[in-house]
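Novice: Numbering (the numbering used here), first residue to last: 1 to 81.
The beta-carbon is built from N, C-alpha and C at its ideal position, and this holds for glycine as well.
As the structure is a prediction and not an experimental result, all values here were calculated from the model.
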Ligand SMILES: [Zn+2]
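Written as structure tokens, this is what we have:
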């Protein structure tokens, strides 16, 4: 996440301070972030793209391990004949 005020690349998730903020984050699908460099605090869209990217990477690793295992088993069967 990038700070909209000073373009600092390190902004930190900030907890909702009251009920109104909690409701706001739920409805807008956004989260409060705080920049430690300039002190900015506000709502930013939850980074679903990178979240999804992580999931895809995990899935790709899982699938490659799975296929390697199957290939190994088939190879063992073939060699034992
Ligand atoms: Zn900032």
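Which of the three DSSP states, helix, strand or coil, is assigned to residue 39?
Specialist: coil
Novice: For residue 27, which of 37, 52 and 43 has the nearest alpha-carbon?
Specialist: 43
Novice: Between the Cα of residue 12 and the Cα atoms of 19, 1, 59 and 18, which residue gives the shortest distance?
Specialist: Ranking the options by Cα distance to residue 12, first place goes to 1.
Novice: Starting from residue 81, trace the alpha helix (DSSP H) both ways and give me its first and last residue.
Specialist: Taken as a continuous stretch (DSSP letters only), residue 81 belongs to no alpha helix (DSSP H), as it is neither H nor E.
Novice: Rounded to whole angstroms, how far is the Cβ of residue 30 from the Cβ of residue 53, which I believe are closer than 8 Å?
Specialist: In fact, because the Cβ distance is near 19 Å, the residues do not count as touching under 8 Å.
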